[in-house]
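I have placed the structure first, in the form of structure tokens, so that the comments after it can refer back to it.
Residue numbers (full-length UniProt numbering), protein chains in the order written: chain V, 1 to 67; chain X, 1 to 67.
Written as structure tokens, this is what we have:
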């Protein structure tokens, strides 16, 4: 199952890979797909929204909820 | 005391604030100053290079040592 979240503050590929890496560090089983335009982050293999939220925020981006 | 590290992969202000936030999450007492050009990250108030390295890598950037 996958969930798509809205993340604000990603403005380049470096930002996107930062968010991806932060989520994977928090949940090694995660698969992460990011659409920079629209700030959409799709996470597969993680059920815990709060874990994703925390990882995104700890990496300096704004978690804006489920897309 | 401050130390300056070389970090690769930061290509915009979003990347820079991500690295700053990741270090501050790992060490709340840290003060962080970043020069995007040159990839220089100056950290004040943290003695542990490994803590900085880990935070940078967990945020998806490359820690390239002490500058």
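Heads up, the beta-carbon is just placed ideally off N, CA and C, and yes, glycines get one too.
Run through the DSSP bridge pairs and tell me what residue i is partnered with.
i, result
"residue 2 (chain V)", "V:44"
"residue 35 (chain X)", "X:40"
"residue 8 (chain V)", "V:62"
Grab me the residues of residue i's own chain with a C-beta within less than 8 Å of its C-beta, minus the 5 sequence neighbours each way, in chain order.
i, result
"residue 13 (chain V)", "36"
"residue 66 (chain V)", "3, 4, 5, 6 and 49"
"residue 15 (chain X)", "9, 36 and 61"
If you drop the 5 nearest sequence neighbours on each side, which residues of the same chain put their C-beta closer than 6 Å to that of residue i?
i, result
"residue 22 (chain V)", "55 and 59"
"residue 33 (chain V)", "42"
"residue 45 (chain V)", "29, 30 and 31"
"residue 57 (chain X)", "63"
"residue 26 (chain V)", "51 and 55"
May I ask which residues mark the beginning and end of the beta strand (DSSP E) holding residue i?
i, result
"residue 64 (chain X)", "62-66"
From what residue to what residue does the alpha helix (DSSP H) around residue i run?
i, result
"residue 17 (chain X)", "13-26"
Which same chain residues end up closer than 7 Å to residue i when comparing Cβ atoms and leaving out the 5 residues on each side of it in sequence?
i, result
"residue 52 (chain X)", "5, 23, 43 and 46"
"residue 144 (chain V)", "Residue 144 (chain V) lies beyond the range of chain V shown here (1 to 67); nothing can be said about it."
Answer yes or no: does any C-beta atom of chain B fall closer than 9 Å to that of residue i?
i, result
"residue 25 (chain X)", "The chain inventory of the structure shown lacks chain B, comprising the protein chains V and X."
Open item on the list: Does the structure place the region 6-17 of chain V close enough to the region 31-50 of chain V that three or more beta carbon pairs sit under 8 Å?
Closed with: Contact between the region 31-50 of chain V and the region 6-17 of chain V is present: 3 or more CB-CB pairs across the two stretches fall below 8 Å.
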